[in-house]
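All remarks here apply to the structure that follows.
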Amino acid sequence: MSDNMGGKKFQPYIPASKSLPELTVTAIVLGIILSILFGAANAYLGLKVGLTVSASIPAAVISMGILRGIFRRDSILENNIVQTMTTAGEALGAGAVFTIPALFMMGVEIKQIMLVFIVLTGGFLGVFMMVPLRRMLIVNEHETLPYPEGTACAEVLKTGEKGGGAQAKLVVFGFAIGGVVKVLTDGFKLFRSDVQTGIYNFQNAFVGTQIYPALLGVGFIIGPKIAGQMVAGGLMASLVLIPAIAFFGAGSSDIIFPATEALKTLDASMIWDNYIRYIGAGAVAAGGLITLAKTLPAIWQTLRSTMVGLNKSKGYKVAELERTDKDIPMKWVLIGIAVLIVVIAFDPFTNVGVIGALAIAIFGFLFVTVASRIVGIVGSSSSPVSGMTIATLLIVAIAYKSFGYTGTEGIILTLTVAAIVCTALAVAGDISQDLKTGYLVGGTPWKQQVAMMIGVMASGLVMGYILTLLDNAYGMGSEALPAPKAALMKILAEGILNGNLPWTLIFIGVAIAVVIEFLGMNSLVFAVGLYLPLNISATVMFGGFVRLIVNQVIKHKKDKEKATRIERGTLFASGLIAGESLLGVIIAFIISINPNIIPTEYLLTNQWLPFLVFLIVCALLYFSTVPRKQKA
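Take any residue in the sequence shown, note its place counting from 1, add 11, and you have its number in this note's numbering.
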């Protein structure tokens, strides 16, 4: 094992001298299944709310429940392999839904082989490009880069050595609740999935919420501060911008671009579609770039440290390395990267050409390096992946336009390059967390890296089909699946290559993001709330509000007790997300087979019943977190 800071040798939970079952057939099979399931769940969630959550902890808990509870296997390293493969699927889903749905929104024919090619090349590049960075970031900077999700997952795995059945039950219970609510709303159409009302004497203003458990779970996990900033963006759109536009345009018969109808004839939803979504797009783009700009010192430090670290790594000899310090041989890593770049340059599926391949190689390595370090500080959920993807898209779009590519062809090429880079970033960030977990528990790095590639392959082969199912059932960019990040990518690519953006609206959004940043808030989170319909961000806020109440109830407890309670709530919330998301994919599959099987009208139209159901789910989330003696 390599030395850390101060020359002290770190001792993992399972020492290098001890070998346990790790990359076994059982672990691989279970990991493949979970990688596909969580990949589908995260894809649905990303399309719904524009955010994704880490699957490492629920994956670790589920793997412990199955491997220990059913198969009576007790290897912590085997559990680690399963959660590593699962997060591969989750990361692939996150990278795919931030970009690829833009291709669906364009209405062009998309072949499955093209979708598979995009996610697999991006996923494999993310794994390969992270391998040379492991020793520098995970080992040499063990004391300075905490990798919060990776460290938390290691603690869950170590705790599971003493039995994790109760934790697994929380995930399963949450899964059941989330799935049942989804089936009753979107499957049987028993009652409405949203509650909405106007405000007396407040023209075109409205408030409302959806009752989807997944969004509630997201709110609990991200906490009240981030959830509050997101709903603030939604309130800005619904209670400020839309009413203002409606008020000033009430007597106007003018048609103002990009709308095609007179301003006075537009209702709230039409105002959002014609104006607010461009303001929101400008705000999200600015928020992403601001987030990226704030990390520039870290980017420079990362690039400089990477060069130094790679030079130091040359002194290592494979024969001298212990089990816990062996990566995939560098020769195979470099061959893998080179082959992927050459294949991308000349493949007949995407046709991005040498320009696209060079852009992927340059931005891939640059931003993978950044992502791998940044997640070590702020975690995967706060990584500026969207900002780095936006920067890539803007530069690539300009490059393609300078070479004469415009219109639909240029837009598709630009989005494809951005999709591959985005997928690589998401996967690299997640494998960094997984390798940190492995470092703490004593896993074998090369086995984790192989497991990650197997997980990428498993999820990548079906991801295109899942996205197609969801598009056919709900429609990309619709109210059911807004796909906010992908819609932004489409707007930016079209604007640069076709020159038809309503730039005033875009710059209004940019100005809003800058103002919010000066107020000390997270401009990207606020901007996502501004872009999304209010009923989505309001649902997220309910989850944040539950977390706020929980924090108040347990604030006088010891830190260990607090962490345990929040972990319980996080597991239940993760179950809610997985249950609703996976049932959403299943319902989409049923619709693709026979669209008439799902009712078109809700059986009960009263809005109080779904709201009551939603409050019950909120209560269950609270009670899963706070023990009986503390509920008062």
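Every residue, glycine too, gets a C-beta built ideally from N, C-alpha and C.
Which residues DSSP lists as bridging G209, in chain order: On the sequence shown, residue 209 is found 198 positions in, with the first residue counted as 1. DSSP output for G209 lists F217 as bridge partner(s).
Residue burial classification, N212 (beta-carbon count within 10 angstroms, cutoff 16): Numbered from its first residue, the sequence shown carries residue 212 at position 201. Exposed, since its Cβ has fewer than 16 Cβ neighbours within 10 Å.
I232 versus T581, K337, L274, residue with shortest Cα-Cα distance: Looking up residue 232 in the sequence shown gives position 221. With distances taken between Cα atoms, I232 lies closest to T581.
Between the CA atoms of I111 and T479 - distance to the nearest angstrom: Mapped onto the sequence shown, residue 479 falls at position 468. Mapped onto the sequence shown, residue 111 falls at position 100. Their backbone Cα atoms lie some 11 Å apart in a straight line.
Residue interval of the alpha helix (DSSP H) (run including D445): Position 434 of the sequence shown holds residue 445. Start and end: 418 to 452.
Selection from G418, V381, L492, S413 that minimises the alpha carbon distance to V438: Position 427 of the sequence shown, counting from 1, holds the residue named residue 438. Considering only alpha carbons, the answer is V381.
Separation of L114 from Q69, as counted between CA atoms: Here residue 69 corresponds to residue number 58 of the sequence shown, with the count starting at 1. Here residue 114 corresponds to residue number 103 of the sequence shown, with the count starting at 1. Reading off the sequence, residue 69 comes out as Pro, not Gln. So the alpha carbons of these two residues sit roughly 31 Å apart.
Run of the alpha helix (DSSP H) containing E612, from where it starts to where it stops: Locating residue 612 in the sequence shown gives position 601, where the first residue counts as 1. Note, E612: premise wrong, no alpha helix (DSSP H); not H, not E.
Beta carbon of T361 nearer than 7 Å to that of T403: For the purposes of this step, residue 361 is identified with residue 350 of the sequence shown, where counting begins at 1. For the purposes of this step, residue 403 is identified with residue 392 of the sequence shown, where counting begins at 1. For T361 and T403, no; Cβs fall outside 7 Å.
Short Cβ contact (7 Å threshold) for M96 with G466: Along the sequence shown, read from residue 1 onward, the residue named residue 96 stands at position 85. Along the sequence shown, read from residue 1 onward, the residue named residue 466 stands at position 455. A contact, by the Cβ cut-off of 7 Å.
Extent of the continuous alpha helix (DSSP H) to which T581 belongs: Walking along the sequence shown from the start, residue 581 turns up at place 570. Its alpha helix (DSSP H) spans residues 570 to 604.
Buried or exposed (CB count within 10 angstroms, at least 16 for buried), V561: Position 550 of the sequence shown holds residue 561. Buried, since its Cβ has 16 or more Cβ neighbours within 10 Å.
Beta bridge counterpart(s) of F378 as assigned by DSSP: For this step, residue 378 is matched to residue 367 along the sequence shown. The partner list for F378 (beta bridge, DSSP) is empty, contrary to what the question assumes.
Coarse secondary structure for K20, derived from DSSP in three states: As a first step, residue 20 must be located in the sequence shown, where it is residue number 9. In the structure shown, K20 sits in a strand (DSSP, three-state: E or B).
Cβ neighbour criterion (16 or more within 10 Å) applied to K275: Within the sequence shown, numbered from 1, the residue matching residue 275 stands at position 264. Per the 10 Å Cβ criterion, exposed.
Nearest-angstrom beta carbon gap, V108 and A8 [assumed within contact, 8 Å]: Because the chain is modelled from 12 through 643, residue 8 falls outside the range shown and cannot be assessed.
Under 7 Å between C-beta atoms of Y669 and E591: Since the first and last residues shown for the chain are 12 and 643, residue 669 lies out of range.
I229, enclosing alpha helix (DSSP H) - first and last residue: On the sequence shown, residue 229 is found 218 positions in, with the first residue counted as 1. Here residue 229 is Val; the residue named in the question, Ile, does not match the sequence. Element bounds for V229: 224 to 247.
Proximity of A599 and A430 at Cβ, strictly below 7 Å: By 1-based counting over the sequence shown, the position of residue 599 is 588. By 1-based counting over the sequence shown, the position of residue 430 is 419. No, Cβ-Cβ distance for A599 and A430 is not below 7 Å.
The stretch 160 to 171 in contact with the stretch 370 to 378 per 3-pair CB rule at 8 Å: no
Segment contact, 8 Å Cβ cut-off, at least three pairs: the stretch 442 to 459 with the stretch 506 to 519: Because the criterion of three Cβ pairs below 8 Å is not met, the stretch 442 to 459 and the stretch 506 to 519 do not touch.
Per DSSP, the bridge partner or partners of F199: Along the sequence shown, read from residue 1 onward, the residue named residue 199 stands at position 188. DSSP output for F199 lists no bridge partner at all.
Whole alpha helix (DSSP H) elements within the stretch 112 to 150, 4-residue minimum: 112 to 116, 123 to 141
Residue from S489, L103, Q94, M532 whose Cα sits closest to the Cα of T63: In the sequence shown, the residue the question calls residue 63 occupies position 52. Residue L103 is the option with its Cα nearest to T63.
Exposed unless 16 or more other CB atoms sit within 10 angstroms - verdict on A349: As a first step, residue 349 is located in the sequence shown; it is residue number 338 there, counting from the start. Answer is exposed; the Cβ neighbour count stays below 16.
Status (buried if at least 16 other CB within 10 Å, exposed otherwise) for H153: As a position in the sequence shown, residue 153 is number 142, starting the count at 1. So H153 ends up on the buried side.
Distance cut-off 6 Å: L250 Cβ against heavy atoms of the ligand SAM: No copy of the ligand SAM occurs in the structure displayed, which carries no ligand at all.
Nearest to A54 (by Cα), restricted to the options A589, L631, P610: As a working mapping, residue 54 is identified with position 43 in the sequence shown. Comparing Cα-Cα distances from A54 to each of A589, L631, P610, the minimum goes to A589.
Straight-line gap, I339 to W457 (C-alpha atoms, nearest Å): As a first step, residue 339 must be located in the sequence shown, where it is residue number 328. As a first step, residue 457 must be located in the sequence shown, where it is residue number 446. Spanning the two alpha carbons is a distance of roughly 5 Å.
As assigned by DSSP and simplified to three states, the class of G415: Stepping through the sequence shown from its first residue, residue 415 is reached at position 404. It is coil, neither helix nor strand.
Three-state secondary structure assigned by DSSP to K501: Locating residue 501 in the sequence shown gives position 490, counting from the first residue. Reduced to three states, the DSSP call for K501 is helix.
Beta carbon of E89 nearer than 7 Å to that of E33: The residue given as residue 89 occupies position 78 in the sequence shown. The residue given as residue 33 occupies position 22 in the sequence shown. It is a contact, given that the beta carbons lie within the stated cut-off.
Bounding residues of the alpha helix (DSSP H) (the contiguous stretch that carries P621): Here residue 621 corresponds to residue number 610 of the sequence shown, with the count starting at 1. First-last of the alpha helix (DSSP H) with P621: 619 to 636.
Residue interval of the alpha helix (DSSP H) (run including R558): To locate residue 558, count along the sequence shown from 1; it is residue 547. Annotation for R558: the continuous alpha helix (DSSP H) segment containing it runs 545 to 564.
The stretch 119 to 127 in contact with the stretch 76 to 83 per 3-pair CB rule at 8 Å: no
For T476, three-class secondary structure by DSSP: As a first step, residue 476 must be located in the sequence shown, where it is residue number 465. It is worth fixing the name first, because residue 476 is Tyr in this sequence and not Thr. Helix, per DSSP.
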